Structures are given as structure tokens and as C-alpha cells.
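Engineer: Let me give you the structure first, and then I'll get to my questions.
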Ligand SMILES: Nc1ncnc2c1ncn2[C@@H]1O[C@H](COP(=O)(O)OP(=O)(O)O)[C@@H](O)[C@H]1O
Ligand SMILES: [Mg+2]
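Protein chains in written order, with our numbering: chain A, 91 to 304; chain B, 410 to 623.
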């Protein structure tokens, strides 16, 4: 898959641009890392890449077609391959199993083998019946990460995925991310340098006050 | 001899359940309409409803009185000093809080669920079933809050109901009357029941609502 941002600008309030003339191209596979201080626009950029936000100006080209010019049905088809993990996980009312299997259910899948493997791997088995409200920040993060890993997406976009995770979970997640990047596109935003990411990245980007330094 | 306590309480509950239902139905419609009106306008309207939440109930009663007294524009309906007049006035008293609570709730829920569905690469149409699944506890909570606002609206029911025994005498009007007559024990018993109904229900409502209000 190929996602290209062409001269993308974004403003939340119609006055101040938090992204300015972003040009970016990600394709095939590999790990892409976006770095930058708090407030530099990483989250906004990732949500545009993930087809969640529409740019105020500029285009998002997915496999040669301008995404925001497509009709609703075609947009659903394109978005199917691109998933995003929020920096602040969004969980629904219900137990952990409901939340962790939501991605698969919404797509009409009913093969849970790989999901169950991931649940064991990240040590969430004991929590499956717990209410989503009772989870710690780190556990919420794990749920939101596992539910998208289970989808085996072609494009995986992760926003500060290591926050609140303990070191053993960070290690497992790094392994999974690096393994996934062999066949898929993985984009990660982080505000601090992680050596393993830098060593494995096909490209590093630096975002400073809404402008990209590739 | 004063009217039997059970009769007064039963009448209060019945009238307030009906008033809360009307307030809830119209409040839900208004808040949903406000969600699809331009943001500038809806923020202005919500400011108005916010201010109305604390409006003196006696003024609400006065406005309804002006409409339904024999010489008023709706005088021909002969509603003054009837249970219907109580229901209408109490519904108006409860309406603003229903609108503000539901508007804020749906606004947040809509944006969370939409981001969640899009981030999972699921079809955009999945937003609706998820919102339906997520909202019942909050809706019940808002209905109970409306009920407790309605049943405590002394000023309004005094003006349009007059506290007629066997017809429009409700817990609040009965308390006011019995205190004037010096029947303090009877008034206190009614007061206790009212506190249990309003405060108790509010606590229950917020507990239920807490299941979803993050
Ligand atoms: N929902 C929002 N409404 C208004 N401004 C926002 C919103 N989200 C982010 N911003 C602003 O946009 C800028 C970039 O934010 P963000 O993309 O979250 O940066 P980062 O992820 O690098 O910390 C910041 O100045 C932030 O205050
Ligand atoms: Mg961020």
C-alpha cells in the first residue's frame, strides 16, 4: 500500500495551522518513525495518515486515489487496511474481552485464534472478564494495541504506543512491531528516542512546530 | 383531616414520572437536533439551556399560568388546577437539565465512537449500533435526574395546581400546607419521603451514569 500526503495543512480552529505544508510518502513495508516534542503535531499528522482527520488543505493519496474525494462506500474499503492506535485509548462499556475483540467483530471476523495468542503473549488472560473501567492506564493501552494487532492490518499507525507499559511489555511490543514491519507499513509517533526503533526504521522524520524535517 | 399520605405520594410519583417522560422525550429530540446544527449556534443554545437549569420553578409556573388561566390564550383547554397542568409545568422545569446533560453526553460519545470505529478501519456505519449499545445507562440516569427535578418543583405546582386535595395535591404542596396548619410531624414525614425520592434517585442516577461518564 502507498499513502502520500501532498502539501497538507491542518488547523483545528481555522486560525492557527498545527501542520504546515507536509509532504510525506510511505509505501510497501517497513518502519517509519515520527519524532518531535509535545505539541509539534505528531498526533494530528498520524490521524491524517490514518484517514481519521481530513486535511484543511492538501490531499491524501492512497494507492493513487485522493481519499477525501471518494464516496462513502469506497472510503470504507480503503480504510479497511489502515488502523490507528490512539495515544489515549478509547474503550467502550463492557469487559476486556468485548473491547479486545471489537475490531474483529466490527469486521465480521469470527476466528479468534490469533487474538487469543496475543492475549496470552501480553499476559491479559486473567483480565478478560474485568470491566474496561477498572483497568490501569497500561492495561488500557495493551487492550487497544492488541485489538489492532489481531487485525493484521497492511498499515499500522501507533501513537506513543509505549507510554505506561512496563519494560517487559515494551520489549514484546517492539518485537511484534519490528516483525510486522517486514510485511506491513508501520508508522510510530514518539517524543523520545527508542534505540530499537531507530535501528530498524527505514525512515525517521522530525516534526518541529508543524513542519517536517525528513 | 389531611389527605392520606400514600395518596399524595402516589400522585406525586405518577405526575412526576409523566413529566419526566415528556421532558426526556423533548429533551432528547432537542439535543439530537442541536448536534446536527452548526456548532456556533448549538453552543449558543446550550448556553441558554445552561442558564435555564437554575431558573426559579415558580417563574415557570407563572408562565404556564399566564397561558392557561381562563382568560389566557390556552384558557379554553380548562387546564388550570388539573394534574395535566402539573405535568406540563414540571416537564418544563426538568427540560433544561435534560437538554444540557444529553447534549454534552452525545457530543462526547459521538466523537469517541466515531474515532474508535475509524481507527479500527471499520465501516463508518458501525458508529450507530455502537452508540445505541453504549448509551442506555446514561439515558436511564438522565431520566431519573429529570424525575427528581420534576418532583421537587414546588413553586411551579403551587401556582398552576393550587394543591387541591384529591386532585393536584402533591408532596411539595402538601408539605407547604401542613406546615402552615402546624402539622409538623406529618410535614416532616412527607419531607423525608421527598428527600429519599429526590436525593436517593439522584445518587442512583449518578451511579448508573458513572458507568459511562468518563
Ligand atoms: N482537538 C484539538 N483542538 C484544538 N487544538 C488541538 C487539538 N488537538 C491538538 N491541538 C493542538 O494542535 C497542536 C498539535 O497537537 P498534537 O498533534 O496533539 O501534537 P503532539 O502529538 O506532537 O503532541 C498542539 O498545539 C495542540 O495544542
Ligand atoms: Mg500526541
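The beta-carbon is built from N, C-alpha and C at its ideal position, and this holds for glycine as well. In this text the structure is predicted, and so the values were computed from the model without any measurement.
1) May I have the straight-line CA-CA distance separating residue 285 of chain A from residue 161 of chain A, to the nearest angstrom?
2) Please classify residue 556 of chain B as buried or exposed, where buried requires at least 16 neighbouring CB atoms within 10 angstroms.
3) Output needed for residue 598 of chain B: all residues of its chain with C-beta closer than 8 Å, excluding positions within five of it in sequence on either side, in chain order.
4) Going by C-alpha to C-alpha distance, which of B:601, B:548, B:537 and B:536 sits closest to residue 513 of chain B?
5) Three-state secondary structure (DSSP) at residue 600 of chain B?
6) I want to verify the contact list: residues of chain B whose CB lies under 7 Å from the CB of residue 140 of chain A, in sequence order.
7) Quick one: measure Cβ to Cβ for residue 488 of chain B and residue 472 of chain B, integer angstroms, because I've assumed they're closer than 8 Å.
8) For my contact list, residue 123 of chain A and residue 248 of chain A are in at a C-beta cut-off of 8 Å; report their separation, rounded to the angstrom.
9) I'd like the span of the beta strand (DSSP E) that includes residue 97 of chain A, first residue to last.
10) I need the straight-line Cα distance from residue 212 of chain A to residue 566 of chain B, nearest angstrom please.
11) Short check: CB of residue 290 of chain A to CB of residue 262 of chain A, under 8 Å?
12) Chain A beta carbons: is any one of them nearer than 8 Å to that of residue 521 of chain B?
13) Given 7 Å as the limit, tell me if residue 416 of chain B has its C-beta closer than that to any heavy atom belonging to ligand 1.
14) Would you mind working out which of B:544, B:543 and B:520 sits nearest residue 533 of chain B, comparing C-alpha positions?
15) Smallest Cα separation from residue 604 of chain B: which of B:591, B:590 and B:584?
16) For residue 36 of chain A, which three-state DSSP category applies?
17) Could you say which of B:421, B:617, B:612 and B:608 lies nearest to residue 491 of chain B if we only look at CA atoms?
18) Quick one: which chain A residues come within Cβ less than 7 Å of residue 532 of chain B?
19) On the CB-based measure, 16 or more other CB atoms within 10 Å of its CB, does residue 216 of chain A come out buried or exposed?
20) So is residue 205 of chain A in contact with chain B if we call contact Cβ pairs under 8 Å?
21) Given residue 551 of chain B, which residues of its chain have a CB within under 7 Å of its CB, disregarding the five upstream and five downstream residues?
22) When Cβ atoms are compared, which residues of the stretch 478–500 of chain B fall closer than 8 Å to chain A?
23) Looking at residue 559 of chain B: is its Cβ nearer than 8 Å to the Cβ of residue 451 of chain B?
24) For residue 280 of chain A, write down the residues that DSSP places opposite it in a beta bridge.
25) Near residue 296 of chain A, which residues of its chain fall below 7 Å by C-beta distance, leaving aside the five closest residues on each side in sequence?
26) Could you check how far apart the C-beta atoms of residue 275 of chain A and residue 129 of chain A are, in whole angstroms? I think they sit under 8 Å.
27) Is residue 439 of chain B helix, strand or coil when you go by DSSP?
28) Which first and last residues belong to the alpha helix (DSSP H) in which residue 189 of chain A is found?
29) List the DSSP bridge partners of residue 112 of chain A.
30) Using a Cβ-Cβ distance cut-off of 8 Å, determine whether residue 524 of chain B contacts chain A.
31) Out of A:95, A:206 and A:257, state which residue places its alpha-carbon closest to the alpha-carbon of residue 239 of chain A.
32) I want to check one thing, is the minimum distance from the CB of residue 178 of chain A to the heavy atoms of ligand 2 below 7 Å?
33) What is the DSSP secondary structure of residue 175 of chain A, reduced to helix, strand or coil?
34) What three-state label does DSSP hand residue 552 of chain B in the structure shown?
35) Nearer than 7 Å: is that true of the beta carbon of residue 132 of chain A relative to any heavy atom of ligand 2?
36) Under 7 Å from any heavy atom of ligand 4, does the C-beta of residue 185 of chain A make it?
Structural biologist: In short, the structure shows the following:
1) Stepping through the first chain from its first residue, residue 285 of chain A is reached at position 195. Stepping through the first chain from its first residue, residue 161 of chain A is reached at position 71. If I take the Cα positions, the gap works out to 42 Å.
2) As a position in the second chain, residue 556 of chain B is number 147, starting the count at 1. When all chains shown are included, residue 556 of chain B counts as buried.
3) For the purposes of this step, residue 598 of chain B is taken as residue 189 along the second chain, with counting starting at 1. Only 414 meet the Cβ criterion.
4) Start at 1 with the first residue of the second chain, and residue 513 of chain B comes out as number 104. Out of B:601, B:548, B:537 and B:536, B:548 has the C-alpha closest to the C-alpha of residue 513 of chain B.
5) Walking along the second chain from the start, residue 600 of chain B turns up at place 191. It is helical.
6) Within the first chain, residue 140 of chain A is the residue found at index 50, counting from 1. Near residue 140 of chain A (Cβ distances below 7 Å), the residues of chain B are 528.
7) Translated into the one-based positions of the second chain, residue 488 of chain B becomes position 79. Translated into the one-based positions of the second chain, residue 472 of chain B becomes position 63. Between residue 472 of chain B and residue 488 of chain B the Cβ distance is about 13 Å, and since that is not below 8 Å, they are no contact.
8) Here residue 123 of chain A is taken as the residue at index 33 of the first chain, counted from 1. Here residue 248 of chain A is taken as the residue at index 158 of the first chain, counted from 1. Not confirmed; about 10 Å, so no contact.
9) Taking the first residue of the first chain as 1, we reach residue 97 of chain A at position 7. Its beta strand (DSSP E) spans residues 92–101.
10) One-based indexing of the first chain puts residue 212 of chain A at position 122. One-based indexing of the second chain puts residue 566 of chain B at position 157. Their backbone Cα atoms lie some 60 Å apart in a straight line.
11) Residue numbering aside, residue 290 of chain A sits at position 200 when the first chain is read from its first letter. Residue numbering aside, residue 262 of chain A sits at position 172 when the first chain is read from its first letter. Not closer than 8 Å, so no.
12) For the purposes of this step, residue 521 of chain B is taken as residue 112 along the second chain, with counting starting at 1. Yes, residue 521 of chain B counts as interfacial toward chain A.
13) Here the question's residue 416 of chain B lines up with position 7 in the second chain. No, ligand 1 has no heavy atom inside 7 Å of this Cβ.
14) To locate residue 533 of chain B, count along the second chain from 1; it is residue 124. Closest by alpha carbon: B:520.
15) Taking the first residue of the second chain as 1, we reach residue 604 of chain B at position 195. Checked all of B:591, B:590 and B:584; the closest Cα to residue 604 of chain B is B:584.
16) Since the first and last residues shown for chain A are 91 and 304, residue 36 of chain A lies out of range.
17) Here the question's residue 491 of chain B lines up with position 82 in the second chain. With distances taken between Cα atoms, residue 491 of chain B lies closest to B:421.
18) The residue given as residue 532 of chain B occupies position 123 in the second chain. Going along chain A in sequence order, the residues near residue 532 of chain B (Cβ under 7 Å) are 166.
19) What you label residue 216 of chain A is simply residue 126 of the first chain in a count that begins at 1. Classification for residue 216 of chain A: exposed.
20) Counting from 1 along the first chain, the entry for residue 205 of chain A is found at position 115. No, residue 205 of chain A lies away from the interface with chain B (no Cβ there is under 8 Å from its Cβ).
21) Position 142 of the second chain holds residue 551 of chain B. Excluding positions up to five away in sequence, the list reads 433, 507, 510 and 511.
22) none
23) The residue given as residue 559 of chain B occupies position 150 in the second chain. The residue given as residue 451 of chain B occupies position 42 in the second chain. Not in contact: residue 559 of chain B and residue 451 of chain B (Cβ atoms no closer than 8 Å).
24) For the purposes of this step, residue 280 of chain A is taken as the residue at position 190 of the first chain. Its beta-bridge partners are A:125.
25) Here residue 296 of chain A is taken as the residue at index 206 of the first chain, counted from 1. Here the set comprises 125, 126 and 303.
26) Locating residue 275 of chain A in the first chain gives position 185, counting from the first residue. Locating residue 129 of chain A in the first chain gives position 39, counting from the first residue. Incorrect: roughly 26 Å between the Cβ atoms, too far for contact.
27) Taking the first residue of the second chain as 1, we reach residue 439 of chain B at position 30. Helix at residue 439 of chain B.
28) Translated into positions along the first chain, residue 189 of chain A becomes position 99. Residues 186–190.
29) Taking the first residue of the first chain as position 1, residue 112 of chain A is located at position 22. According to DSSP, residue 112 of chain A bridges with A:98.
30) Along the second chain, one-based indexing puts residue 524 of chain B at 115. Judged by the 8 Å Cβ criterion, residue 524 of chain B is in contact with chain A.
31) The sequence position of residue 239 of chain A within the first chain is 149, counting from 1. The option with the nearest alpha carbon to residue 239 of chain A is A:206.
32) Counted from its first residue, the first chain places residue 178 of chain A at position 88. The answer is no for residue 178 of chain A.
33) Along the first chain, one-based indexing puts residue 175 of chain A at 85. In the structure shown, residue 175 of chain A sits in a strand (DSSP, three-state: E or B).
34) Position 143 of the second chain holds residue 552 of chain B. The answer is helix: DSSP assigns residue 552 of chain B an H, G or I state.
35) Mapped onto the first chain, residue 132 of chain A falls at position 42. Result yes, Cβ under 7 Å from ligand 2.
36) Ligand 4 is not part of this structure, which contains only ligand 1 and ligand 2.
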